[in-house]
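In the order they appear, the protein sequences are chains F and D.
So that you can map any letter, position 52 of the first sequence is 52 in my numbering, and since no number is skipped, the others follow by simple counting.
Quick note: to get my numbering, add 82 to the position in the second sequence (first position is 1).
Since the structure comes first, as structure tokens, the remarks are kept for the end.
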Amino acid sequence: MKREQVRATVLEVLSQIAPEADPATIDPGVNLRDQLDIDSMDFLNFLIALDKQLHIDIPERDYGQLGTLDACVDYLAARSTE
Amino acid sequence: MAEFVMPKLGADMSAGTLTAWRKQPGDTVHRGDIIAEVETEKGNIDVEVFADGVIEKILIVPSEKVPVGTVMALIRDDSAAQQTAAASRDTHELRPKLASPERPKIVTARRTEQPADRHLAISPSARRLARELGVDPATVKGTGHGGAITREDIEQAAKTATTAPPATAAPPVDRAARLRQTIAATMSRSKREIPHYYLSTTIDMHRALEWLGEQNASRPVAERVLYGALILKAVSLGLREVPALNATWQNNQVALIDSINVGVAISLRQGGLVAPALHDTDRLTLEELMRRMRDLVNRTRSGSLRSSEMSDATITVTNLGEQGVESVYAVIYPPQVAMVGVGKIVERPWCVDGQIVPRRVVNLTLAADHRVSDGHRGGVFLTAVDRLLQHPEKL
Numbered sequence: 001m002k003r004e005q006v007r008a009t010v011l012e013v014l015s016q017i018a019p020e021a022d023p024a025t026i027d028p029g030v031n032l033r034d035q036l037d038i039d040s041m042d043f044l045n046f047l048i049a050l051d052k053q054l055h056i057d058i059p060e061r062d063y064g065q066l067g068t069l070d071a072c073v074d075y076l077a078a079r080s081t082e
Numbered sequence: 083m084a085e086f087v088m089p090k091l092g093a094d095m096s097a098g099t100l101t102a103w104r105k106q107p108g109d110t111v112h113r114g115d116i117i118a119e120v121e122t123e124k125g126n127i128d129v130e131v132f133a134d135g136v137i138e139k140i141l142i143v144p145s146e147k148v149p150v151g152t153v154m155a156l157i158r159d160d161s162a163a164q165q166t167a168a169a170s171r172d173t174h175e176l177r178p179k180l181a182s183p184e185r186p187k188i189v190t191a192r193r194t195e196q197p198a199d200r201h202l203a204i205s206p207s208a209r210r211l212a213r214e215l216g217v218d219p220a221t222v223k224g225t226g227h228g229g230a231i232t233r234e235d236i237e238q239a240a241k242t243a244t245t246a247p248p249a250t251a252a253p254p255v256d257r258a259a260r261l262r263q264t265i266a267a268t269m270s271r272s273k274r275e276i277p278h279y280y281l282s283t284t285i286d287m288h289r290a291l292e293w294l295g296e297q298n299a300s301r302p303v304a305e306r307v308l309y310g311a312l313i314l315k316a317v318s319l320g321l322r323e324v325p326a327l328n329a330t331w332q333n334n335q336v337a338l339i340d341s342i343n344v345g346v347a348i349s350l351r352q353g354g355l356v357a358p359a360l361h362d363t364d365r366l367t368l369e370e371l372m373r374r375m376r377d378l379v380n381r382t383r384s385g386s387l388r389s390s391e392m393s394d395a396t397i398t399v400t401n402l403g404e405q406g407v408e409s410v411y412a413v414i415y416p417p418q419v420a421m422v423g424v425g426k427i428v429e430r431p432w433c434v435d436g437q438i439v440p441r442r443v444v445n446l447t448l449a450a451d452h453r454v455s456d457g458h459r460g461g462v463f464l465t466a467v468d469r470l471l472q473h474p475e476k477l
């Protein structure tokens, strides 16, 4: 899957988790949890939605690789080609 | 005939606005069914019925605001319902092509008549307060023992009188502001009336988190358990050992509660917070507790809570650790008598078997009502929670 498609999916899921946030204003290099005030339940919902849409089950040990929007896209784009 | 009344969805609630009926006269209902929607300061709540039967009559029309305890519908009991259903079937067999049976008419709200002022069940203190605040006690519905009017009822009536919009007007609803007012009233009452005491302990979470990580490694993402569920379960089992903290204080009396229903403080994205209950948390498996907690958080944030979730909490847990807070000194939700604050999980030097090792630890703080328990009982509770978290496989 292309990075652009992954990025669009991530932004779509984030807009469901934090509906008040404007996707256009998300800083791709800043921690998502801090930027969007996401708690652990939101983050779990985020991962579940990504799994549903991209069919990528992200193990707990990899959570640290999903800190920012750019990092999410990098990780998921790499996993989607496996 | 059972009465379906406007429920009290929290200590601070004095009235609610019916927004919709989910059932109509003639419909069969079962205990736990959602039959109405009510708007409160905390949002729209789905209201459950606690009787089996058939809706006999609806007494309140949508958009009407009524005091807590007002009868909103009458429900015929099951046996009568079955007889009527049988009779109805007979009738339909005889007259199958007739128009649908006429539904009972909706009539105006029937409220409990208040006796004359001299016969009102009201304490001298509440009567004095009513004079000070300019409230006519005869217009206030008592929520105390036997329908007695309490100081809180007078305060609520005064607040409602000053904040309620004119009956004919339909001003825009600023839900966030109303929720803030409700929180303000409840927390002010708590700090004014409840002699809080606080106890705190730091708990080694090494075993719990290692065990949880192993369990989650083999679970698909949708079935993973958060450490918050471990803490809720440990708190629930700790309450079995110290039931004095699983109680309410109302009308100068403590009432121990048999079931353990932990309220979970959930922040709303638009601001404010709600603390709905998870029922019987001491009896749930961790997986079931996690599933219900996730469902509760999602429904809270989407505005679809049930009435029992708003009224049944027997203690509340608030976790501010994710906001970077290490210790939480909570304000108890009346009429509850205790609240547990959970801080951030941090790595600290920890002494184990004479060696200093890095350990992930969490600070748990108990806020408790000194009218109901003493520090000794609170200490026993926190020690029990610590012990339980050292054996996560048994939770």
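We treat Cβ as the ideally placed atom computed from N, Cα and C, and that holds for glycine.
So, at 7 angstroms on beta carbons, what are the nonlocal neighbours of residue i in its own chain, with the 5 sequence-adjacent residues on each side left out?
{"i": "D/ALA267", "result": "ASP94 and LYS241"}
{"i": "D/ALA337", "result": "ALA329 and THR330"}
{"i": "D/MET372", "result": "VAL307, LEU308 and ALA311"}
{"i": "D/THR264", "result": "ASP94, GLU123 and LYS124"}
{"i": "D/GLU461", "result": "The question names Glu, yet the displayed sequence has Gly at residue 461 of chain D. Around D/GLY461: LEU281."}
Count the other CB atoms within 10 Å of the CB of residue i; is the residue buried (16 or more) or exposed (fewer)?
{"i": "D/GLN405", "result": "exposed"}
{"i": "D/THR447", "result": "buried"}
{"i": "D/THR152", "result": "buried"}
{"i": "F/GLU20", "result": "exposed"}
{"i": "D/ILE438", "result": "exposed"}
{"i": "D/GLU429", "result": "exposed"}
{"i": "D/ASP172", "result": "Confidence at D/ASP172 is low in this model, with a pLDDT of 44, below 50, so the placement of that residue should be treated as unreliable; the coordinate-derived value is given next. Exposed."}
{"i": "D/ALA449", "result": "buried"}
{"i": "D/SER341", "result": "exposed"}
{"i": "F/VAL13", "result": "buried"}
{"i": "F/PRO28", "result": "exposed"}
Expressed to the nearest angstrom, what Euclidean distance is found between the alpha-carbon atoms of residue i and residue j?
{"i": "D/MET83", "j": "D/PRO107", "result": "14 angstroms"}
{"i": "D/ASP456", "j": "D/VAL129", "result": "36 angstroms"}
{"i": "F/MET41", "j": "D/VAL467", "result": "23 angstroms"}
{"i": "D/GLU234", "j": "F/ILE48", "result": "45 angstroms"}
{"i": "D/ARG469", "j": "D/ALA316", "result": "9 angstroms"}
{"i": "F/LEU54", "j": "F/SER80", "result": "8 angstroms"}
{"i": "D/VAL379", "j": "F/ASP39", "result": "11 angstroms"}
{"i": "D/GLN352", "j": "D/SER384", "result": "11 angstroms"}
{"i": "D/ARG158", "j": "D/GLY135", "result": "5 angstroms"}
{"i": "D/LEU319", "j": "D/ASP286", "result": "18 angstroms"}
{"i": "D/LYS105", "j": "F/LYS52", "result": "35 angstroms"}
{"i": "F/LEU69", "j": "F/LEU32", "result": "7 angstroms"}
{"i": "D/ALA97", "j": "D/LYS147", "result": "7 angstroms"}
{"i": "D/TYR279", "j": "D/MET421", "result": "11 angstroms"}
{"i": "D/ALA252", "j": "D/SER145", "result": "Bear in mind that the predicted position of D/ALA252 carries a pLDDT of just 48, short of 50, making it too unreliable to give a figure here."}
Hey, would you say residue i sits closer than 7 angstroms to residue j, going by beta carbons?
{"i": "D/ILE345", "j": "D/THR398", "result": "Note on residue identity: the sequence assigns Gly, not Ile, to residue 345 of chain D. It is a contact, given that the beta carbons lie within the stated cut-off."}
{"i": "D/ASP377", "j": "D/ASN343", "result": "no"}
{"i": "D/ILE43", "j": "D/MET392", "result": "Because chain D spans 83 through 477 in this model, residue 43 of chain D falls outside it and cannot be assessed."}
{"i": "D/ARG260", "j": "D/GLU123", "result": "yes"}
{"i": "D/HIS452", "j": "D/PRO325", "result": "no"}
{"i": "D/PRO89", "j": "D/SER389", "result": "yes"}
{"i": "D/SER272", "j": "D/ILE414", "result": "yes"}
{"i": "D/VAL217", "j": "D/ILE236", "result": "yes"}
{"i": "F/GLU60", "j": "D/ASN401", "result": "no"}
{"i": "F/ASP62", "j": "D/PRO302", "result": "no"}
{"i": "F/ARG3", "j": "F/ALA77", "result": "yes"}
{"i": "D/PRO358", "j": "D/LEU387", "result": "yes"}
{"i": "D/LEU291", "j": "D/ARG441", "result": "no"}
In its own chain, which residues sit with a C-beta less than 8 angstroms from the C-beta of residue i, not counting the 5 before and 5 after it?
{"i": "D/GLU369", "result": "GLU305 and VAL307"}
{"i": "D/SER409", "result": "SER282, GLY423, GLY425, ASN445 and THR447"}
{"i": "D/ARG49", "result": "The displayed coordinates of chain D run from 83 to 477. Any statement about residue 49 of chain D would go beyond what the structure contains."}
What does residue i touch in chain F if you count any residue whose Cβ is under 7 angstroms from its own?
{"i": "D/LEU448", "result": "What D/LEU448 touches in chain F: nothing, since even the nearest Cβ is about 22 angstroms away."}
{"i": "D/LEU471", "result": "By Cβ distance, chain F contributes nothing, its closest Cβ being about 17 angstroms from D/LEU471, past 7 angstroms."}
Determine the chain D residues that contact residue i at a beta-carbon separation under 7 angstroms, and present them in chain order.
{"i": "F/ASP39", "result": "GLU404"}
Which chain D residues are close to residue i, counting only those with a beta carbon under 8 angstroms from its beta carbon?
{"i": "F/GLU12", "result": "Chain D residues near F/GLU12: none, gap ~17 angstroms exceeds 8 angstroms."}
{"i": "F/ILE58", "result": "VAL303"}
Show which residues of chain F have a CB atom less than 8 angstroms away from the CB atom of residue i.
{"i": "D/ALA304", "result": "ILE48 and ASP51"}
{"i": "D/ASN298", "result": "GLU60"}
{"i": "D/ARG260", "result": "Within chain F, no residue comes near D/ARG260; the closest Cβ sits about 19 angstroms away, beyond 8 angstroms."}
{"i": "D/VAL379", "result": "MET41"}
For a contact defined as C-beta to C-beta under 9 angstroms, what are the partners of residue i on chain D?
{"i": "F/LEU54", "result": "Neighbours of F/LEU54 on chain D: none; closest Cβ ~12 angstroms, over 9 angstroms."}
{"i": "F/GLU20", "result": "ARG351 and GLN352"}
{"i": "F/LEU44", "result": "VAL303, ALA304, ARG306, LEU308 and ARG376"}
Here's a check: name, in chain order, each residue in its chain whose Cβ is nearer than 6 angstroms to the Cβ of residue i, leaving out the five neighbours to either side.
{"i": "D/PRO186", "result": "Confidence at D/PRO186 is low in this model, with a pLDDT of 33, below 50, so its placement is unreliable and no value can be given for it."}
{"i": "F/LEU36", "result": "ALA18 and ALA21"}
{"i": "D/ALA212", "result": "PRO219 and ILE236"}
{"i": "D/THR222", "result": "Note that residue 222 of chain D corresponds to Val in the displayed sequence, not to Thr. Excluding positions up to five away in sequence, the list reads ILE231, ASP235 and ALA239."}
At a CB-CB cut-off below 9 angstroms, which residues of chain F make contact with residue i?
{"i": "D/GLY295", "result": "GLU60 and ARG61"}
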